[in-house]
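Comments concern the structure below.
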Amino acid sequence: MQRDEVVIQDIANAARLVVDFIKDFDKETFIYDWKTRSAVLYQLTVIGEAVKRLSKEFRAEYPQIPWTLIAGCATT
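Numbering (my numbering), first residue to last: 1 to 76.
Quick look at the structure:
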C-alpha cells in the first residue's frame, strides 16, 4: 500500500499543476495557447502513467473510478 500512496501523491501533484496552469484561462484562450495545452497534456500523460503503477488491489477498492480510461491518457 505504501507504493500506492506515493503514486497517488504523484497523481495529486500532476492534477494540482493542471489546475494551476489553467486557472486563469477561458476555453478559447486555452485552445490557442499551445504552451499551456502542451503542459496540460504532459501532466495528463503523467497521471495516466501513474495510474498504471497502482496495484490491482488499490484500483479494486475504488471501482467507481474509470482507471482504464485515465490510463489511456498516457497514450494520447
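Every residue, glycine too, gets a C-beta built ideally from N, C-alpha and C.
Please read all numbers here as calculations on a predicted model, not as lab measurements.
Residue 58 sits in a helix when the DSSP states are folded into three classes. Taking C-beta atoms under 8 Å as the contact rule, residue 7 and residue 54 qualify, at a distance of about 5 Å. Of all alpha-carbon atoms in 30, 48 and 65, the one lying nearest the alpha-carbon of residue 73 is that of 48. Cβ-Cβ distances below 8 Å link residue 22 to 30, 36 and 40 in the same chain, with the five nearest sequence neighbours on each side left out; the list follows chain order.
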